[in-house]
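Under our numbering, the first residue of the sequence shown is numbered 404, with each subsequent residue one higher.
All C-beta atoms, glycine included, are put in the ideal place defined by N, C-alpha and C.
Below is one structure, written out as structure tokens, with a few remarks after it.
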Amino acid sequence: MPGTSPDLISPDSLSWALTHVLRYGESDIFPRAFEFEAYKAQWPEVLAHLSKIDLSTHETGCSLKLLVPKGKYGYRVAAQLDPFDHLLYTAMVHEVAPTIEGFRVAKEKRIACAYRLDLDANGQFFQRNSGWPDFHTRSTELAKASSCKYVACADISDFYNQTSHHRIQNALSSANVNDERSNSVEQFLGNLNSRHHSRGLPVGPFASILLAEACMADVDNFLIRKGYSHTRYVDDFRIFCTSHGEAVSAFHDLSQYLYTAHRLSFQSNKTCIMEKAAFQEEELVDPEQMEIQSKQEKIHALLNQVEYSRYEIVDEDAFELDHSMDAELLRESIGELFGELVEKDSLHVGLARYLLRRASGLRTRTILDGVLENIEFLLPVFRDAVNYMVQVYDKKRPEQIGDVLQNLVTKSDYCHQPYIQYWVLRAFAEAPVLCDGNIAIGIAENSAPEIRDRISALVARSYRLSDWVRSRKETWQNSTPFGQRAIIWAAPILPKDERSHWLKSISNYPVFSIASLAKAVMAGAGKV
404 MPGTSPDLIS PDSLSWALTH VLRYGESDIF PRAFEFEAYK AQWPEVLAHL
454 SKIDLSTHET GCSLKLLVPK GKYGYRVAAQ LDPFDHLLYT AMVHEVAPTI
504 EGFRVAKEKR IACAYRLDLD ANGQFFQRNS GWPDFHTRST ELAKASSCKY
554 VACADISDFY NQTSHHRIQN ALSSANVNDE RSNSVEQFLG NLNSRHHSRG
604 LPVGPFASIL LAEACMADVD NFLIRKGYSH TRYVDDFRIF CTSHGEAVSA
654 FHDLSQYLYT AHRLSFQSNK TCIMEKAAFQ EEELVDPEQM EIQSKQEKIH
704 ALLNQVEYSR YEIVDEDAFE LDHSMDAELL RESIGELFGE LVEKDSLHVG
754 LARYLLRRAS GLRTRTILDG VLENIEFLLP VFRDAVNYMV QVYDKKRPEQ
804 IGDVLQNLVT KSDYCHQPYI QYWVLRAFAE APVLCDGNIA IGIAENSAPE
854 IRDRISALVA RSYRLSDWVR SRKETWQNST PFGQRAIIWA APILPKDERS
904 HWLKSISNYP VFSIASLAKA VMAGAGKV
């Protein structure tokens, strides 16, 4: 509205957002975009630009949206935002994060267990423990109570994609976030969907987690007000009841509230009422799960020196395991647990990520053969599998991994999936020895249209295919924004004079994100 003051983000929050992305990446789904490294090199100029953006009128850029494997045959849509939008999104939520956290049910009550806020100056958003232990422990305590006879268990159906933008705005307002910011968040989310849908949080960015929790706060308070004993992990509810009738009433009350207040519903296949004994046996004291937990605890005890977070292994100086007794026990524990993992009919995603990230951080090949033999089974954690393989490949036998990845995108039943192509080609770009350059660029140029130019440019850059970059110098603007920036990022493989002349013309380009990227490359960012 005319006369309304602009909604600007503070430079401190924007700088924190960059620190966060550089340390943790954008998500646990996509590779971290190279743009952030470039923008760091031009940060004073980029910061000045972003600090002037009025969120109330900002139009978001193009996002890369891909179907990501979830379970054996399922998929979910995940988004890699335009890099500037990712910084704005992260920073705008960072500014109101303490206010949102204060709106949630207090942490010590162990009702809203997932992802409690723990900001620090080094870019950390949440406590390192995701909150699952609190969820499990509280469930155990409530189930032990003599009054508990039945447990009502339910998951919300397609929670992130079905969450209403207006409901998010209402939740932020209820949390005492100022109207300008709550309205800006609603508009920002709507722009990401091109205003075609007024629902959906982008899956991937960590900022989405806190907005989702803001939406669930009133649901927790509703159950408390109704007198139910419950605990929740993201969209997974457990209500502990004195009778079967109370459990039925709990489902009815909660279903009605979720629909009327949020237009959400439960997944029918994950909604059930369990007798107390069955719940304790199947959900709390499953012998197999206890064995897994015991082995994980042993691995933790052997890894005290390795920094680990829920996001990823963040120790940049990962090391090869030595030949000590502890190291051997660690190898055996990881290998044994991974062997059990791949023998199951369905993948335990949390355990798979845990083992792959541990093995990656330690650069141990203990599970490499198992990963290669079960690569299709591991597609729901493909990011972690690829990162692991890139960390541990044998430089004397790169084809051991390269052939498996090449077959995955040329001969397997999954070869046409953009997300799989994206990560395989990213692996070749990170470790060119895994694939012949002509084969890699051929696969890249035949990949899905939404990733083709971007991943081809990154492959060309890594393999120093200067003719490929040269052939795009006059046509780079015909690509998507993601492709345009990647082609510019590949410029360092051109001869100096040719590179400088080309980048100088782009440095005056009217789109700031493009111009600043060209300036960063001219200044030496991304030098190969």
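{"Query": "Helix, strand or coil at Thr634 according to DSSP, with G and I counted as helix", "Result": "strand"}
{"Query": "is_contact[Leu411, chain D] using C-beta, thresh 7 Å", "Result": "In the structure shown, chain D does not exist; there is a single protein chain."}
{"Query": "For Ala481, the three-state DSSP class (helix, strand or coil)", "Result": "strand"}
{"Query": "Segments of 4+ residues assigned as alpha helix (DSSP H) that fall wholly inside the stretch 616-673", "Result": "647-660"}
{"Query": "Burial state of Tyr553 (16 or more Cβ within 10 Å)", "Result": "buried"}
{"Query": "Among Leu425, Pro434 and Phe433, nearest to Tyr442 - alpha-carbon criterion", "Result": "Leu425"}
{"Query": "Residues near Tyr714 in its chain [Cβ-Cβ closer than 6 Å; skip 5 each side]", "Result": "For Tyr714, the pLDDT reaches just 32, beneath the cut-off of 50, and the residue's location in the model is therefore unreliable, although a value from the coordinates is still provided. Taken in chain order, the residues that qualify are Tyr427."}
{"Query": "Classification of Asp1012 by the beta-carbon crowding that lies within 10 angstroms, buried from 16 upward", "Result": "Because the chain here runs from 404 to 931, residue 1012 falls outside it and cannot be looked at."}
{"Query": "Touching by the beta-carbon criterion (3+ pairs, under 8 Å), the stretch 626-645 and the stretch 565-583", "Result": "no"}
{"Query": "Minimum length 3: unbroken beta strand (DSSP E) runs contained in the stretch 808-854", "Result": "none"}
{"Query": "Rounded separation between Gly534 and Glu684 - CA only", "Result": "22 Å"}
{"Query": "Within 7 Å, strictly: CB atoms of Arg507 and Arg541", "Result": "no"}
{"Query": "Thr767, buried or exposed, once every other Cβ within 10 Å from all chains shown has been counted against 16", "Result": "buried"}
{"Query": "Distance between beta carbons of Leu458 and Ile412, contact taken as under 8 Å", "Result": "7 Å"}
{"Query": "Same chain, Cβ closer than 6 Å to Asn620, neighbours up to 5 away in sequence not counted", "Result": "Correcting the residue type first, residue 620 is Ala in the shown sequence and not Asn. So the qualifying residues of the chain are Phe506 and Arg507."}
{"Query": "Spatially closest choice to Ala555 from Ser658, Tyr563, Lys455 and Phe591, by CA coordinates", "Result": "Ser658"}
{"Query": "Simplified DSSP assignment, three categories, for Pro898", "Result": "coil"}
{"Query": "C-alpha gap between Gln590 and Leu765, whole angstroms", "Result": "43 Å"}
{"Query": "Close Cβ partners of His452 (< 8 Å) along its chain, the five nearest in sequence each way excluded", "Result": "Phe915 and Ser919"}
{"Query": "Any 3 or more C-beta pairs closer than 8 Å across the stretch 783-793 and the stretch 823-842", "Result": "yes"}
{"Query": "Distance between beta carbons of Tyr492 and Pro608, contact taken as under 8 Å", "Result": "6 Å"}
{"Query": "Cβ-based burial, Arg800 [other Cβ within 10 Å; buried from 16]", "Result": "exposed"}
{"Query": "Anticipated Cβ contact below 8 Å, Val745 with Gly773, distance rounded", "Result": "6 Å"}
{"Query": "Of the residues Glu462, Gly474 and His489, the one placed nearest Glu438, counting alpha carbons only", "Result": "His489"}
{"Query": "Simplified DSSP state of Ala555, which is helix, strand or coil", "Result": "strand"}
{"Query": "Touch test, the stretch 526-533 against the stretch 659-678, Cβ-Cβ under 8 Å, three pairs minimum", "Result": "no"}
{"Query": "Outcome for Tyr757 when other beta-carbon atoms lying within 10 angstroms are tallied against a minimum of 16", "Result": "buried"}
{"Query": "Span separating the alpha-carbon of Ser418 from that of Pro605", "Result": "22 Å"}
{"Query": "Nearest to Ala926 (by Cα), restricted to the options Ala436, Glu440, Gly630 and Glu848", "Result": "Glu440"}
{"Query": "Burial state of His665 (16 or more Cβ within 10 Å)", "Result": "buried"}
{"Query": "Separation of Pro884 from Thr878, as counted between CA atoms", "Result": "13 Å"}
{"Query": "Member of Tyr478, Glu544 and Ser567 whose CA lies at the smallest distance from the CA of Leu782", "Result": "Tyr478"}
{"Query": "Beta carbon of Gly886 nearer than 7 Å to that of Cys838", "Result": "no"}
{"Query": "Outcome for Tyr822 when other beta-carbon atoms lying within 10 angstroms are tallied against a minimum of 16", "Result": "buried"}
{"Query": "For Pro434 and Thr422, the rounded distance between their alpha carbons", "Result": "16 Å"}
{"Query": "Buried versus exposed, by CB contacts within 10 Å (16 or more), Gly593", "Result": "buried"}
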